[in-house]
Structures are given as C-alpha cells and as structure tokens.
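J.: For the protein sequence lines, the chains are A and B, in the order given.
Heads up: the first sequence begins at 416 in my numbering, then just goes up one per residue.
Heads up: the second sequence begins at 16 in my numbering, then just goes up one per residue.
Where a beta carbon is used, it is the ideal one built from N, C-alpha and C, also for glycine.
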Amino acid sequence: MPAPLSLLDRKLVFVTGKGGVGKTAVTAALGSLAAERGKRTLVCEVDAKGNLADFFETGPTRFEERQIQPGLWAMSMDTEASLKQYLTLQLKLGLMARIGPLARMFDFVATAAPGVKEIVTVGKLCWEVRERHYDIVIVDAAPTGHIVGQLAAPQAINGLIQVGPVRQQTGWMLDILGDARTTGVVIVTTPEEMPVNETIELQARLQAETNVDLAAVIVNRVLPELFGRREEEVFDRLWEPDVRELLEGEVGGSLEPLLQGARMAVTLRRTRTEHLERLREGIDQRVPLLYLPYLFARAHGLRSTRQLAEALSAELGF
Amino acid sequence: MPPRPDAEPTTFESLLAAKEIAIFCGSGGVGKTTTAAAAAAMAAVRLGGKVLVLTVDPAKRLANALGLKGFGNSEIRVPPAAFRAAGQPHPRGELWAAMLDTKQSWDNLVRRHAPDKATVARILENPLYQNISGRFVQSHEYIAMERLYELHSEGHFDLIVVDTPPTRNALDFIEAPERMAEFFSSRFLRLLIVPYRSRLVNVASRPFYQVADRILGSQFLQDIAEFFILFQTMYDGFVERSRAVSRLLRDSRTTFVVVSTLEAAPAHEAEFFINVLNSKRFHLDALVLNKVLPSYFNSDPAGRRAAALVERAPELAAKVAAVTDGALEAPHVERVLTEVGESFANFAVVAQREAAQRAELSAAPSVVAAVPSFDTDIYDLGGLLRLGEKFWT
Numbered sequence: 416m417p418a419p420l421s422l423l424d425r426k427l428v429f430v431t432g433k434g435g436v437g438k439t440a441v442t443a444a445l446g447s448l449a450a451e452r453g454k455r456t457l458v459c460e461v462d463a464k465g466n467l468a469d470f471f472e473t474g475p476t477r478f479e480e481r482q483i484q485p486g487l488w489a490m491s492m493d494t495e496a497s498l499k500q501y502l503t504l505q506l507k508l509g510l511m512a513r514i515g516p517l518a519r520m521f522d523f524v525a526t527a528a529p530g531v532k533e534i535v536t537v538g539k540l541c542w543e544v545r546e547r548h549y550d551i552v553i554v555d556a557a558p559t560g561h562i563v564g565q566l567a568a569p570q571a572i573n574g575l576i577q578v579g580p581v582r583q584q585t586g587w588m589l590d591i592l593g594d595a596r597t598t599g600v601v602i603v604t605t606p607e608e609m610p611v612n613e614t615i616e617l618q619a620r621l622q623a624e625t626n627v628d629l630a631a632v633i634v635n636r637v638l639p640e641l642f643g644r645r646e647e648e649v650f651d652r653l654w655e656p657d658v659r660e661l662l663e664g665e666v667g668g669s670l671e672p673l674l675q676g677a678r679m680a681v682t683l684r685r686t687r688t689e690h691l692e693r694l695r696e697g698i699d700q701r702v703p704l705l706y707l708p709y710l711f712a713r714a715h716g717l718r719s720t721r722q723l724a725e726a727l728s729a730e731l732g733f
Numbered sequence: 016m017p018p019r020p021d022a023e024p025t026t027f028e029s030l031l032a033a034k035e036i037a038i039f040c041g042s043g044g045v046g047k048t049t050t051a052a053a054a055a056a057m058a059a060v061r062l063g064g065k066v067l068v069l070t071v072d073p074a075k076r077l078a079n080a081l082g083l084k085g086f087g088n089s090e091i092r093v094p095p096a097a098f099r100a101a102g103q104p105h106p107r108g109e110l111w112a113a114m115l116d117t118k119q120s121w122d123n124l125v126r127r128h129a130p131d132k133a134t135v136a137r138i139l140e141n142p143l144y145q146n147i148s149g150r151f152v153q154s155h156e157y158i159a160m161e162r163l164y165e166l167h168s169e170g171h172f173d174l175i176v177v178d179t180p181p182t183r184n185a186l187d188f189i190e191a192p193e194r195m196a197e198f199f200s201s202r203f204l205r206l207l208i209v210p211y212r213s214r215l216v217n218v219a220s221r222p223f224y225q226v227a228d229r230i231l232g233s234q235f236l237q238d239i240a241e242f243f244i245l246f247q248t249m250y251d252g253f254v255e256r257s258r259a260v261s262r263l264l265r266d267s268r269t270t271f272v273v274v275s276t277l278e279a280a281p282a283h284e285a286e287f288f289i290n291v292l293n294s295k296r297f298h299l300d301a302l303v304l305n306k307v308l309p310s311y312f313n314s315d316p317a318g319r320r321a322a323a324l325v326e327r328a329p330e331l332a333a334k335v336a337a338v339t340d341g342a343l344e345a346p347h348v349e350r351v352l353t354e355v356g357e358s359f360a361n362f363a364v365v366a367q368r369e370a371a372q373r374a375e376l377s378a379a380p381s382v383v384a385a386v387p388s389f390d391t392d393i394y395d396l397g398g399l400l401r402l403g404e405k406f407w408t
C-alpha cells in the first residue's frame with residue numbers, strides 16, 4: 416500500500432466540518448503551518464461569515480488576495496467578483512463584465528440555475544491551482560451539510576449544460592478535483608455525538624457523489640485525560656470524610672467544587688472517548704486521523720491559531 | 016427594539032403558552048435541534064394540546080433524539096409509550112414530529128399552484144426544476160418557511176416548534192419568502208422568457224442574450240425559459256403565498272428563540288441574530304444558552320483552593336498517605352491533587368470567558384435560560400425532558 420499523501424503536499428485542500436467544531440480555526444492553523452514550512456499559501460474563506468480574519472488578527476479579507484504573513488495570502492470568496500474575473504480571463508468578455516446590469520443578471524441566473532454560484536466558487540479555486548499561483552490553496556469551505564453540493568457542482572453543471580464554454584470549463588475542474596495528489600477534503604470534527612455522525616456520513620457522501628479524495632479527519636478540542644486507572648481509585652478515595660476533611664482543613668475551605676469539577680472533566684472526557692472510538696471504527700483506515708487539544712486559555716485569535724498550528728505540526732510528524 | 020407589552024412573558028412556559036409558532040435559530044453545533052425538540056416535548060407535557068416539532072435540517076438529528084426512525088414529510092405522533100418510558104405516563108397533550116423533505120414539499124407546492132395536471136407533469140419533469148427542488152440547498156430555506164405556513168394554516172396543531180436549517184447566513188430563511196416573491200416578479204425573468212415566446216428580441220436586450228448565450232449555451236437558456244414559462248402559470252398563487260409566509264413570520268403569534276453556547280464564535284453570531292431580529296421587528300423573546308459550565312468554576316475562593324492543591328501537592332500527598340495508613344501512596348495522591356487543581360484552574364478560565372459573553376448577550380431578550388453542560392448525550396424523550404426542565408421555568 417502506498418504511503419498516504421501528506422496533507423500539505425496537496426495543492427487544494429477543502430476544510431469542512433459540522434458548524435461549531437472549529438473549522439475556521441483549523442483552516443487558519445493549516446494555513447499558518449504551510450506558510451511556515453515555506454509554501455506559498457493562499458487561505459480562502461468561502462462562507463461569508465468573515466471571521467477567518469479574526470484568527471490572524473488582520474483586517475477583513477476581500478476577494479483580492481492580500482498578503483497577511485510571510486508566505487501567506489488570504490481572500491474571501493465573492494461569487495460575483497469571481498464571475499467577472501472568469502468572464503474577463505477565460506471568455507475574454509472584459510467589456511461585458513463591466514456592464515452594470517451584469518451583477519443583477521448574474522444574481523438572477525445563479526438563483527435560477529442552481530450550481531452556478533458553486534461552480535464559480537470552485538472554479539476560482541481550481542483556477543488558482545491550475546495557474547500555479549500558489550503552492551497550496553486551503554479553503555475554509557462550506558459546512559458538512561453543504562460541501563457535497565459545492566464539490567459536486569461541476570458534475571451537476573455538466574449534466575445541465577450540454578454545450579458552450581461553461582461546459583468546456585467543467586472538464587479541467589473535474590480533473591483537478593478528482594486527482595488525489597492535487598485535491599483533498601479535510602473534515603474537522605470534535606469528539607461529540609453529532610459531529611462524529613456527520614463526519615462518518617460525509618465520508619460516504621463524498622465517495623458516492625463526488626470524485627474528491629478524503630485527505631484527513633482532524634479531531635479538534637480533545638480533552639486531556641486526568642487520571643489513569645490507579646489514580647482514579649485515589650480520586651474516588653478523596654471524597655471520603657477522613658481524607659476530605661484533612662485536605663479541607665489544609666486548604667481552608669470546601670473541596671466540593673474542586674471534586675465536582677474534576678468529576679465533570681472525567682465524565683466529559685469519557686463520553687468523548689466513546690465517540691472517538693466510534694469515529695475510528697467508522698472512518699476508512701487509510702484516512703489519517705489527527706488530534707488537536709482543547710485550548711483552555713484562548714479560544715480565539717492569533718494565539719490560538721499558533722497553538723493549533725504547533726499541535727498540527729507535531730501530529731503531521733514535522 | 017420593539018416596545019414590549021406590560022405582561023411580557025418571563026418563562027418559557029408562559030412564552031410558549033401564548034404563541035402558536037416558535038422558531039429556534041442559532042449557528043451550527045449549539046444544540047439548536049435538541050433544544051427545539053426539548054421545548055416541544057415540555058410543551059406537550061405541561062401545556063397540553065397538539066404540539067409539533069418541525070425539523071428542517073438535512074442531517075437527521077431529531078429522529079435520534081425522539082427515537083423515531085425514518086420519519087418524513089408527514090407528521091408522525093411520538094408514541095405514548097415513549098412518554099411512559101420517559102416517566103411521563105400522562106402528558107397533558109400530544110407530541111408530533113415532522114422532518115422537511117425539500118423535494119416532496121416543492122412537488123406539493125407545484126401541485127397546489129399549477130393550473131392543470133399537464134402543467135404539473137411538465138414542471139416536475141423539467142431538468143432545472145429537478146435541480147432546484149432536490150439537489151441544491153438554497154431552496155431549503157424557502158420551502159422550510161412555506162411548509163411552516165402550510166402546517167399552521169391547516170390548523171391541526173396548537174403549537175409548532177421549528178428548528179431552522181443550518182444556513183450560511185443563519186437568518187436567510189426569514190428573508191427567503193420575500194426573496195422568492197421578488198425573484199418571480201423580476202424584470203430579468205420577463206427578459207429571459209421573451210425570446211422563447213415571441214422570437215423577437217429587441218435591440219436593447221440583445222447584448223444580454225449574447226452574453227447569456229456565450230456563457231451558458233442556448234439549450235440551457237431554453238431550459239431556463241421553459242421552466243419559468245411553466246412557473247408563470249403559478250405566479251399569482253406563488254407570490255401571494257410567499258407574502259403570506261412573510262407576514263406569518265412577523266405575526267405576534269410567532270416568536271423567535273435564539274440558541275447559542277458561550278464559546279466565542281457562536282456567541283458572536285448569536286449577538287448578530289439578536290440585532291437583526293430586533294432591528295427587523297421580528298418577535299425575539301428568548302435566548303437559550305447551552306453547555307454553560309457550572310457556576311462554581313467562577314468562585315474565587317475555590318480557585319485559590321485549587322491553586323493551593325497544586326502548589327502544596329507533595330506536602331498534602333504525604334499527609335493523605337499518612338492518614339490512610341499508606342493505603343494511598345503519596346506519589347499517586349500528589350499527581351491526583353495536581354490534576355484536580357489544574358483541571359479546575361483550566362475550566363475556571365473558560366468559565367470566566369463565558370461569564371463575560373453571557374453578560375453581553377443577555378441584555379435584549381425577555382427570557383434568558385442557561386442550560387448546564389450535560390454529562391451524557393441525549394438519546395431519548397426522557398433525556399429531552401430532563402434538558403427541557405433546565406430552561407422551562
């Protein structure tokens with residue numbers, strides 16, 4: 416069996432996951448790490464939430480790529496701007512692109528012909544890859560419920576539009592998306608019930624409905640293990656009056672919140688371990704699973720991006 | 016912010032007793048689906064009547080929590096046995112559940128509004144229609160609200176609790192009916208259809224077709240045109256319907272509930288929802304904060320004791336070993352004390368961050384409920400009701 420492709424050796428990485436699992440934070444961390452490792456890196460936010468910028472402590476990102484760190488560029492997807500660029504560069508319709516009503520027409524056609532917005536998004540990203548503007552393009556893509564629609568758009572359009580330049584365009588996109596050495600999907604999850612369910616479901620849908628390879632599953636917010644088996648016995652003993660009263664006398668007050676807090680942490684960790692096991696069973700063994708720790712100190716900002724990037728670096732064996 | 020009547024509801028119970036529709040919104044992963052289901056279950060038990068929970072999420076989560084398998088577009092009653100198993104043998108009302116089937120709902124809509132059977136058949140066969148109704152998610156938002164309207168106007172339920180779809184912009188669905196009405200009355204729609212009706216394209220619109228043709232190809236344009244010509248037969252009914260849906264969302268019988276956790280990103284988004292709902296004059300009445308850490312993590316004295324456990328771990332461990340006559344070994348005790356103290360300190364940091372978020376979010380809605388982190392996942396109606404108890408009164 417060939418060694419699995421290293422995540423950062425691909426050219427186009429779509430990062431997806433159930434809402435709330437930290438998809439954007441992981442995208443930012445992957446981008447940071449790729450840039451630190453000397454790759455000319457573009458991170459692109461597809462969802463218009465605009466918080467990718469928060470993870471780099473930089474101003475809002477726009478459609479035009481902007482360098483935000485050495486080796487690292489950021490942009491946010493804007494389907495209309497992307498269409499204009501496409502008309503100008505691919506169809507040599509520069510003049511047309513400047514016509515005022517075009518925006519409204521696009522909006523209209525895009526609403527009428529589903530898949531147009533998706534293809535304009537995916538097309539722009541594939542184009543950056545084909546033109547080799549960057550070593551790697553990392554996409555903060557749509558969440559699990561929407562990503563398949565996005566990645567399958569070229570096929571869908573292929574089925575809808577029989578002739579014309581749009582049809583010709585989908586061919587090379589499908590080549591880029593379907594080449595596992597070039598393109599991969601990363602599913603971010605947390606060790607919780609629904610995120611794990613959706614990860615396993617998405618794996619199946621990616622296989623059935625797209626030609627895109629699943630590059631890795633990244634498990635975010637893994638809680639530390641508090642006690643080994645022997646220590647757990649010791650912990651249980653702390654609740655008994657003799658030990659507890661001794662300690663309460665020493666620290667000058669009730670141990671109740673401390674013991675309750677530790678018990679909660681142990682229970683949380685245990686429940687999550689069960690979901691992790693389910694994930695390991697449900698995911699194809701060839702797909703690498705990477706683990707990132709729960710960050711107690713910072714949930715946001717550049718500092719958390721750095722910490723996650725370090726953890727990813729260790730997980731990827733750098 | 017809209018002015019509030021004097022007798023404003025102060026608990027979930029009084030809020031839902033006064034409303035016919037409760038729409039739960041929030042970003043993904045905050046427990047929105049579960050919270051909506053728990054609220055519906057509580058309403059069925061405590062308030063009585065027929066309560067329906069409508070989930071519009073493509074992921075089939077609600078089915079898990081309600082112990083229902085494979086429920087679809089039609090409403091299914093949660094069996095009384097499920098209430099007995101949950102320790103509630105005599106709920107005052109009935110709980111029903113339905114999940115939105117986008118494709119089926121679109122088909123029903125076409126059947127209702129199309130003038131005759133032949134048109135229905137032609138629309139249902141149009142390739143573009145099949146794509147809009149089945150494959151792509153944007154149509155979800157409109158059809159969700161449309162289905163809500165349908166269920167409400169049929170009058171079979173006293174209360175309908177809606178779990179909103181995880182949209183890119185989680186408030187898309189409130190504007191979906193208006194956008195749908197706009198879409199079907201668009202000037203461009205007429206423009207697009209003209210050449211396939213009259214074959215005469217006037218000079219002014221010619222560049223439009225040239226561009227459209229070059230980008231999309233004429234066959235595709237023809238498909239689009241046919242689709243809209245067919246759809247126009249339903250135009251009046253459709254637009255009128257979208258407007259009615261829009262009105263229902265703003266009706267005082269409809270309430271919005273924002274669900275969030277206190278993590279930075281979801282809380283940020285919840286703040287945004289609250290602002291938009293208020294500024295657009297929807298009736299936002301409640302905020303549910305999920306997975307909130309226990310309040311003891313915010314206690315300073317407990318924090319100092321945790322620090323002492325860590326700092327004095329070796330000395331305390333020796334004393335514990337002595338008092339247990341060596342049954343507990345000092346090195347193990349030392350490690351356990353250190354872990355207990357450090358774990359407390361870790362979660363205390365998170366709890367402080369959460370407290371700050373909570374203060375920011377709680378200003379606007381009249382009902383604010385905090386639900387603690389649950390030790391275990393919710394698998395059944397009993398779990399939903401235990402969750403519901405936490406925010407109900």
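1) Which residue or residues does DSSP assign as beta-bridge partners of tyrosine 706 of chain A?
2) Which ranges would you report for the alpha helix (DSSP H) in the stretch 460 to 507 of chain A if only whole runs of at least 4 residues count?
3) Kindly list the residues whose CB is nearer than 6 Å to the CB of phenylalanine 642 of chain A, restricted to its own chain and excluding five residues on each side of it in sequence; keep chain order.
4) Is DSSP giving glycine 108 of chain B helix, strand or coil here?
5) Could you say which of B:Leu343, B:Ala321, B:Gln119 lies nearest to glutamate 671 of chain A if we only look at CA atoms?
6) For the stretch 539 to 564 of chain A, which residues have a beta carbon sitting closer than 9 Å to at least one beta carbon of chain B?
7) Return the bridge partner residues of arginine 92 of chain B from the DSSP annotation.
8) Less than 8 Å between CB atoms is the rule here; does glutamate 692 of chain A satisfy it with respect to chain B?
9) Identify which residue in B:Ala97, B:Gly63, B:Cys40, B:Phe362 has its Cα closest to the Cα of leucine 69 of chain B.
10) Using a Cβ cut-off of 9 Å, pull out every chain B residue sitting near phenylalanine 650 of chain A, in sequence order please.
11) What do you get for glutamine 700 of chain A, buried or exposed, if any count of 16 or more other CB atoms within 10 angstroms of its CB means buried?
12) Does any residue of chain B have a CB that is nearer than 8 Å to the CB of alanine 619 of chain A?
13) Using the beta-carbon count (16 or more within 10 Å), is glutamine 676 of chain A buried or exposed?
14) How long is the line joining the alpha carbons of phenylalanine 98 of chain B and phenylalanine 362 of chain B, rounded to whole angstroms?
15) Any C-beta of chain B within less than 8 Å: which residues of the stretch 703 to 715 of chain A qualify?
16) Pull out every residue of the stretch 616 to 647 of chain A whose Cβ sits closer than 7 Å to any Cβ of chain B, in chain order.
17) By a C-beta neighbour count over all protein chains shown, 10 Å radius and 16 as the cutoff for buried, is glutamate 655 of chain A buried or exposed?
18) Would you verify that the beta carbon of valine 335 of chain B is, or is not, closer than 8 Å to some beta carbon of chain A?
19) In the stretch 670 to 683 of chain A, which residues sit with their C-beta less than 8 Å from some C-beta in chain B, listed in chain order?
20) Quick one, which residues of the stretch 484 to 505 of chain A are near chain B if we go by CB-CB under 7 Å, in chain order?
21) Pull up the DSSP beta-bridge partners for alanine 385 of chain B, would you.
22) Anything in the stretch 276 to 300 of chain B with a Cβ closer than 8 Å to a Cβ of chain A? List those residues in chain order, please.
23) For lysine 65 of chain B, list the residues DSSP reports as bridge partners.
24) Please classify serine 120 of chain B: does DSSP put it in a helix, a strand, or coil?
25) Can you pull the chain B residues whose beta carbon is under 9 Å from the beta carbon of leucine 566 of chain A, in chain order?
26) Which residue wins for smallest C-alpha separation from methionine 415 of chain B, given the options B:Arg319, B:Trp407, B:Arg256, B:Gly43?
27) Measuring straight from C-alpha to C-alpha, what distance separates proline 73 of chain B and glutamate 404 of chain B?
28) Going along the chain, which unbroken runs of the beta strand (DSSP E) with 3 or more residues stay wholly within the stretch 582 to 646 of chain A?
29) Could you name the residues of chain B that leucine 592 of chain A contacts, counting a contact when the two beta carbons are closer than 7 Å?
30) For the candidate residues B:Asp266, B:Val254, B:Leu331, whose alpha-carbon lies nearest to that of valine 666 of chain A?
31) Mind listing the chain A neighbours of arginine 311 of chain B? Cutoff is C-beta to C-beta under 8 Å, in chain order.
32) Alpha carbons only, please: which of B:Ala342, B:Glu369, B:Asn290 is nearest the one belonging to valine 645 of chain A?
33) For a contact meaning CB atoms closer than 7 Å, what does alanine 321 of chain B contact in chain A?
34) Note down the Cα distance separating alanine 724 of chain A from proline 639 of chain A, rounded to an integer number of angstroms.
35) Alpha carbon to alpha carbon, how far is isoleucine 602 of chain A from phenylalanine 429 of chain A? Give it in angstroms, no decimals.
36) Give me the Cβ distance between proline 558 of chain A and glycine 432 of chain A, rounded to the nearest whole Å; I'm assuming they're in contact under 8 Å.
T.: So, to answer that:
1) Position 291 of the first sequence, counted from the start, is the residue given in the question as residue 706 of chain A. Bridge pairing for tyrosine 706 of chain A: A:Val634 [DSSP].
2) Whole alpha helix (DSSP H) segments, 4+ residues: 494 to 504.
3) In the first sequence, residue 642 of chain A corresponds to position 227, counting from 1. So the list reads Phe650, once near-sequence residues are dropped.
4) On the second sequence, residue 108 of chain B is found 93 positions in, with the first residue counted as 1. Glycine 108 of chain B carries a strand assignment under DSSP once its states are collapsed to helix, strand and coil.
5) The residue labelled residue 671 of chain A in the question sits at position 256 within the first sequence. For glutamate 671 of chain A, the closest of B:Leu343, B:Ala321, B:Gln119 by C-alpha to C-alpha distance is B:Ala321.
6) Listed in sequence order: Ala557, Pro558, Thr559, Gly560, His561, Gly564.
7) For this step, residue 92 of chain B is matched to residue 77 along the second sequence. Paired residues: B:Trp111.
8) For this step, residue 692 of chain A is matched to residue 277 along the first sequence. At a cut-off of 8 Å between beta carbons, glutamate 692 of chain A makes no contact with chain B.
9) Residue numbering aside, residue 69 of chain B sits at position 54 when the second sequence is read from its first letter. Selected option, being the one with the closest Cα: B:Cys40.
10) For the purposes of this step, residue 650 of chain A is taken as the residue at position 235 of the first sequence. What phenylalanine 650 of chain A touches in chain B: Val351, Glu354, Val355.
11) For the purposes of this step, residue 700 of chain A is taken as residue 285 along the first sequence, with counting starting at 1. Label assigned to glutamine 700 of chain A: exposed.
12) The count along the first sequence starts at 1 and reaches residue 619 of chain A at position 204. Contacts with chain B at 8 Å (Cβ-Cβ) do not include alanine 619 of chain A.
13) Here the question's residue 676 of chain A lines up with position 261 in the first sequence. Checking the sequence, you will find glycine at residue 676 of chain A rather than glutamine. The residue in question, glycine 676 of chain A, is buried, as its Cβ has 16 or more Cβ neighbours within 10 Å.
14) The residue you call residue 98 of chain B lines up with position 83 of the second sequence. The residue you call residue 362 of chain B lines up with position 347 of the second sequence. Distance between the alpha carbons of phenylalanine 98 of chain B and phenylalanine 362 of chain B: 36 Å.
15) When CB distances to chain B are screened at a threshold of 8 Å, the residues of the stretch 703 to 715 of chain A falling below it are Phe711, Ala712, Ala714, His715, in chain order.
16) For chain B, the residues of the stretch 616 to 647 of chain A that bring a beta carbon within less than 7 Å of one of its beta carbons are Leu641, Phe642, Arg645, Glu646, in chain order.
17) Numbered from its first residue, the first sequence carries residue 655 of chain A at position 240. Classification for glutamate 655 of chain A: exposed.
18) Mapped onto the second sequence, residue 335 of chain B falls at position 320. Yes, valine 335 of chain B lies at the interface with chain A (some Cβ there is under 8 Å from its Cβ).
19) For the stretch 670 to 683 of chain A, which is checked against every Cβ of chain B, the residues closer than 8 Å are Leu670, Glu671, Pro672, Leu673, Leu674, Gln675, Gly676, Ala677, Met679, Ala680, Thr682, Leu683.
20) Contacts with chain B (Cβ-Cβ distance below 7 Å) from the stretch 484 to 505 of chain A involve no residue at all.
21) Residue mapping note: residue 385 of chain B aligns to position 370 of the second sequence, counting from 1. B:Leu304, per the DSSP bridge assignment.
22) Per Cβ criterion, the list reads Thr276, Glu278, Ala279, Ala280, Pro281, His283, Glu284.
23) Along the second sequence, one-based indexing puts residue 65 of chain B at 50. In the DSSP assignment, lysine 65 of chain B is bridged to B:Glu109.
24) The sequence position of residue 120 of chain B within the second sequence is 105, counting from 1. Three-state result, serine 120 of chain B: helix.
25) Within the first sequence, numbered from 1, the residue matching residue 566 of chain A stands at position 151. None at all; the shortest Cβ gap to chain B is about 12 Å.
26) Past the boundaries of the shown model lies residue 415 of chain B; chain B is included only from 16 to 408, so the question cannot be answered.
27) Along the second sequence, one-based indexing puts residue 73 of chain B at 58. Along the second sequence, one-based indexing puts residue 404 of chain B at 389. Reliability fails at proline 73 of chain B, whose pLDDT of 46 lies under 50, so the model's placement of it is uncertain and the value that follows must be treated cautiously. Answer to the nearest angstrom: the Cα atoms are 27 Å apart.
28) DSSP runs (the beta strand (DSSP E)) wholly in the stretch 582 to 646 of chain A: 598 to 604, 628 to 637.
29) Start at 1 with the first residue of the first sequence, and residue 592 of chain A comes out as number 177. Within chain B, no residue comes near leucine 592 of chain A; the closest Cβ sits about 17 Å away, beyond 7 Å.
30) Here residue 666 of chain A refers to the residue found at position 251 when the first sequence is read from its first residue. Of B:Asp266, B:Val254, B:Leu331, the smallest CA-CA separation from valine 666 of chain A is found for B:Leu331.
31) Here the question's residue 311 of chain B lines up with position 296 in the second sequence. Reading off the sequence shown, one finds tyrosine at residue 311 of chain B, where the question assumed arginine. Correct list: Glu671, Pro672, Gln675, Gly676.
32) Reading the first sequence from its first residue, position 230 is the one you call residue 645 of chain A. According to the sequence as given, residue 645 of chain A is arginine; it is not valine. That would be B:Ala342, whose Cα lies nearest to the Cα of arginine 645 of chain A.
33) Locating residue 321 of chain B in the second sequence gives position 306, where the first residue counts as 1. Counting only Cβ-Cβ distances below 7 Å, alanine 321 of chain B has contacts in chain A at Leu673, in chain order.
34) Start at 1 with the first residue of the first sequence, and residue 724 of chain A comes out as number 309. Start at 1 with the first residue of the first sequence, and residue 639 of chain A comes out as number 224. One C-alpha to the other measures close to 18 Å.
35) The residue given as residue 429 of chain A occupies position 14 in the first sequence. The residue given as residue 602 of chain A occupies position 187 in the first sequence. Pairing phenylalanine 429 of chain A with isoleucine 602 of chain A, the inter-Cα distance amounts to about 8 Å.
36) In the first sequence, residue 558 of chain A corresponds to position 143, counting from 1. In the first sequence, residue 432 of chain A corresponds to position 17, counting from 1. 7 Å between Cβ atoms; contact.
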